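Everything below concerns the one structure shown next.
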Amino acid sequence: MRKIGVATRVIALAMLGFVSLAVAQSTRQSGFDFMQPATQALQKDDTQNPAMLWVKDGQAIWAQRDGATQKSCADCHGDIKRTRGVAARYPQYSAEAKGVINLSQQINQCRTTHQQAKAWPAEDASLLGVETAIAVESRGQPLAPPAQSQLVDAQKRGEAAFDRRIGQVDLSCRDCHESLAGKRLGGNIIPQGHPTGYPIYRLEWQAVGSLQRRLRNCMTAVRSEPYPYGASELVDLEAYLANRAAGMQLESPGVRP
Amino acid sequence: MFAALAFSAAATPAICAPLAAFEVVNDGIPVALTNAPGDAIRGRMIVGNRQIGMCMLCHQAPIAEDRFQGDISTNFAGVGARWTVPQLRLRIVNSRQINPASVMPAFYRTDGLERVTATARDKPILDAQQVEDVVSWLVSLK
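Heads up: the sequence lines are chains A and B, in that order. Each residue of the first sequence is one higher than the one before, counting from 970 in my numbering. Each residue of the second sequence is one higher than the one before, counting from 9 in my numbering.
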C-alpha cells in the first residue's frame, strides 16, 4: 500500500520508535515566527500594537481604589513594575484557592478577598486590561512554572488532554501543533501552539483575548464542545502549555491574525 | 480567519439516521453506500466547500478558484488513477481503518468520538450520498 504525506511518514517512523514527535527544545518557535511580516510589525511596535490600549486601561485600574475595602492593586503591590516575572510563573498553585489557577483567576481572587469587589466575568475588558498590563512587565522573561507538586499534577492532566483526540473531526492538539506545525491548514499556518504571547490582540476578534479564548476556539474548530471559561480542564491545558514552553520568552501582548 | 475556515459545524448534514451498513473488503468498500449513483459535480462542490467536505484545508485539487489550499497532504490531481472506487470510498469513510495514526478525519463515522459539540453529535461529517458524490468526482480525476 502506498503511503503519501510527510505527516504519515513522520507518524509511521515515530511508531517504529525512530523519531520523537515531541517538539525538541531547540526547534521551539513562537507563533510570532509563523506570522506575516506586516502582523509581526504590529506586534513589535508598541505605538502600533492595538493591545497597548488595553495595557493603558489596565495600568489605570491598577491605581484605582475599588470594592468595600477601597484598596487599589497598588496599595498592596506598589508600582506595577514590581510584578516583573509574575506573569511568567502562571498558572500556579494557590493555597488560598486550594488549586492551580491562572493569572486572571489570581486577579479576581485579589478582587474578591482583598478589595471585596465583584469578580470580573471572563474576557471582561477590565480583567484583560489588568492581566495584559501585568504581562507586559514580564516581556522577555523566560516562562518559569514553579516546582509545585499540585502544578505537576495539573501539567500531567493537561498533557493527557493535549494528546486526546476530540470532536467530530477527531483531532488532538498534538496532531496539529506538533505533527502539522508549520503546515498550511487552508489559508492558516499552524503554529506550535505556545502560550508565549497571551493575552493577544487578534485581528479577527478586533480585541484582546485570553489564552482560554484561543483554546476554546481550537476546540470549536474540531467541532468539540469547548470547556466553559475558568474550567479546571482549561487551566490544566494552560499549565501543560506553559511547561512545554518553559524557558521561552514571554512576548505579551502578541498580535495574531 | 481560523474560526471561519476551521471545521466549523454550521453545515453538517441535518440527518440523524443510523449510518448505512457497509463491508470492508481488503483495503476498500466495494458496495456503494446508497442506491442512487454519486454525482461528480456535487462531489466537486463538497470537496471544495470548507464547511462541508473541508478537504482543501489539508489537500490541493484542480479547483483553480480556491486560493487557500492546504499543504498537509496530497494533490487530488490523478487521484482517480491512483486508487479504485472501493479504495477511495474507504479512505473517505474512515481512512483511520487503514492508518490509525492518520490526521485525516473519518467522514462517515459516529462512534468512538469524544466531546462532540451538540450540533454535530451522532452525525457523520458527510452523509452517505455526499460520500458517493465525492468518490465519483475523485475517480474522474485520472
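Built from N, CA and C at the ideal position, the CB exists for glycine as well. Since the model is a prediction, treat every value here as computed from it, not as a measurement.
Check, Outcome
"Alpha-carbon spacing of A/Q1085 relative to A/L1184, whole angstroms", "30 Å"
"Spatial neighbours of B/M112 in its chain, beta-carbon cut-off 6 Å, leaving aside the 5 residues before and after", "S103"
"Proximity of A/N1071 and A/V1177 at Cβ, strictly below 7 Å", "no"
"Contacting residues, own chain, Cβ-Cβ under 6 Å from A/G1109 (five flanking each side not counted)", "Q1218"
"Whole-angstrom distance between A/M1188 and A/A1088, CA atom to CA atom", "26 Å"
"Continuous beta strand (DSSP E) stretch holding A/Q1061: start and end", "1061-1063"
"Extent of the continuous beta strand (DSSP E) to which A/A1176 belongs", "1176-1178"
"Candidates A/Q1033, A/D1044, A/I1169: closest to A/Q1009 by CA position", "A/I1169"
"7 Å Cβ cutoff, A/R1171 in contact with chain B", "no"
"Three or more C-beta pairs below 8 Å linking the region 1113-1130 of chain A and the region 1087-1104 of chain A", "no"
"Residue range of the unbroken alpha helix (DSSP H) whose run includes B/R99", "93-102"
"Where B/K131 falls, given that 16 or more other Cβ within 10 Å makes a residue buried", "buried"
"Interface residues of the region 1182-1194 of chain A facing chain B [CB-CB below 9 Å]", "N1186, C1187, M1188, T1189, A1190, V1191, R1192, S1193, E1194"
"Backbone CA spacing between B/R58 and A/K1152 [nearest angstrom]", "17 Å"
"Where A/G1178 meets chain B, residues with beta-carbon distance less than 7 Å", "None at all; the shortest Cβ gap to chain B is about 12 Å."
"Beta-carbon proximity check, B/G56 vs B/I71, cutoff 7 Å", "yes"
"Backbone secondary structure at A/Q1181 - three-state DSSP", "helix"
"Residue-level contact to chain A via CB, B/E140, 7 Å cutoff", "no"
"Cβ of A/L990 within 7 Å of any chain B Cβ", "Note on A/L990: pLDDT 41, under 50, position unreliable in the model; no value is reported."
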